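Reviewing the structure listed below.
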Amino acid sequence: MKVNRFPFVTVIISLLTLCYSLAVNHEISGSLFGAIKIVQLEPYGGVTFGHLWNLELWRIFVAPLIHVKQLHMLFNVLSFAVLGCILEKYIASARFFVLWFISGTVGTLISTLTVEPPWNLGTGASQAIFGVAALGVLLLWREINTSLSLKFALVIAMVPALLLDLIYAHHPKLGHVTGFLMGWAISLYYLKAYKHKVI
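In this note's numbering, each residue's number is its place in the sequence shown (first place is 1) plus 260.
Laid out in structure tokens, this is it:
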């Protein structure tokens with residue numbers, strides 16, 4: 261197996277998230293890190309099932325890029341970049357994008373079911389990060405990659421988010437759980453279907 265592929269998808273998504281989220285925040289608040297409300301993100305890509313019913317499909321590509329809190333965005337970008345640099349090479353860039361996109365989209369949409377309108381806009385990268393983290397957990401479990409760097413990346417990506425869930429919601433958020441489960445299912449398929457290539 262070749263493991264020296266450049267993580268193109270990881271780099272592109274990280275840069276897009278950084279640039280777009282900060283640009284949107286600046287346009288709304290007048291500064292890169294000014295306070296904004298989630299309802300203000302609807303014109304910029306916040307998504308609900310209603311938007312998809314109206315065929316505003318562009319939103320599912322943009323919603324993971326925008327964040328209400330830019331410090332949270334920076335942490336998400338860092339977590340995703342570290343995870344992606346380790347994991348993307350195991351399933352190749354195209355499949356890694358599918359993993360990020362599907363787990364993030366499903367997790368984000370499910371998360372909107374737990375919040376009352378108009379605050380139920382789906383935004384942020386956390387759900388997709390949990391989906392990508394599922395691949396890392398699976399690689400650890402299968403003993404394909406048991407490196408300290410992967411373990412550290414998984415802890416950084418998942419533990420703070422889960423702790424915040426427990427503090428504020430008193431349980432793991434449904435979007436995070438859904439993103440992880442979708443990522444686990446997709447990763448299982450990849451590792452089985454492409455076993456001769458990725459293991």
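Glycine included, every Cβ here is placed at the ideal spot set by N, Cα and C.
Since this is a predicted model, take the numbers as computed values, not measurements.
Please state whether DSSP places residue i in a helix, a strand or coil.
| i | result |
| --- | --- |
| G384 | coil |
| V328 | coil |
| G290 | coil |
| E348 | helix |
| I272 | helix |
| T277 | helix |
| I459 | In this predicted model, I459 has a pLDDT of only 43, less than 50, meaning its place in the structure is not dependable; the value taken from the coordinates is given anyway. In the structure shown, I459 sits in coil (DSSP, three-state: anything other than H, G, I, E or B). |
| V375 | coil |
| I404 | coil |
| H311 | helix |
Taking the alpha helix (DSSP H) that residue i falls in, what are its first and last residues?
| i | result |
| --- | --- |
| L423 | L408 to Y428 |
| G306 | Element bounds for G306: n/a, residue is neither H nor E. |
| R355 | S353 to S371 |
| V297 | According to the sequence shown, residue 297 is Lys rather than Val. Looking at the DSSP string, K297 is not in any alpha helix (DSSP H), and its letter there is neither H nor E. |
| W444 | L434 to A453 |
| R265 | Taken as a continuous stretch (DSSP letters only), R265 belongs to no alpha helix (DSSP H), as it is neither H nor E. |
| V322 | R319 to V322 |
How many whole angstroms separate the CB atoms of residue i and residue j, which I take to be in contact at a CB cut-off of 8 Å?
| i | j | result |
| --- | --- | --- |
| L369 | G384 | Their Cβ separation, rounded to whole angstroms, is 12 Å, which puts L369 and G384 out of contact at 8 Å. |
| Q387 | G310 | With 8 Å as the limit, Q387 and G310 do not qualify as a contact, their Cβ atoms being about 19 Å apart. |
| S339 | I298 | No, S339 and I298 are not in contact; Cβ-Cβ is about 21 Å, not under 8 Å. |
| G396 | L325 | Actually they do not touch by this definition, with Cβ atoms about 22 Å apart. |
| I346 | L410 | 5 Å |
| K433 | S371 | 7 Å |
| V328 | I320 | Between I320 and V328 the Cβ distance is about 18 Å, and since that is not below 8 Å, they are no contact. |
| G305 | A323 | 5 Å |
Taking its Cβ as the centre, do 16 or more other Cβ atoms sit within 10 Å of residue i, making it buried, or is it exposed?
| i | result |
| --- | --- |
| I251 | Since the first residue of the chain shown is 261 and the last is 459, residue 251 is not available in this structure. |
| G290 | exposed |
| N336 | buried |
| R265 | exposed |
| I459 | Here the model assigns I459 a pLDDT of 43, short of 50, so the residue's position is not dependable, and the following value carries that caveat. Label assigned to I459: exposed. |
| W360 | buried |
| S274 | buried |
| L408 | exposed |
| Y449 | exposed |
| I446 | buried |
| F412 | exposed |
| G443 | buried |
| M333 | buried |
| R355 | buried |
| V348 | Per the sequence presented here, residue 348 reads as Glu, with Val not at that position. The residue is buried, with at least 16 neighbouring Cβ atoms inside 10 Å. |
| T277 | buried |
| L398 | buried |
| G294 | exposed |
| A394 | buried |
| N285 | buried |
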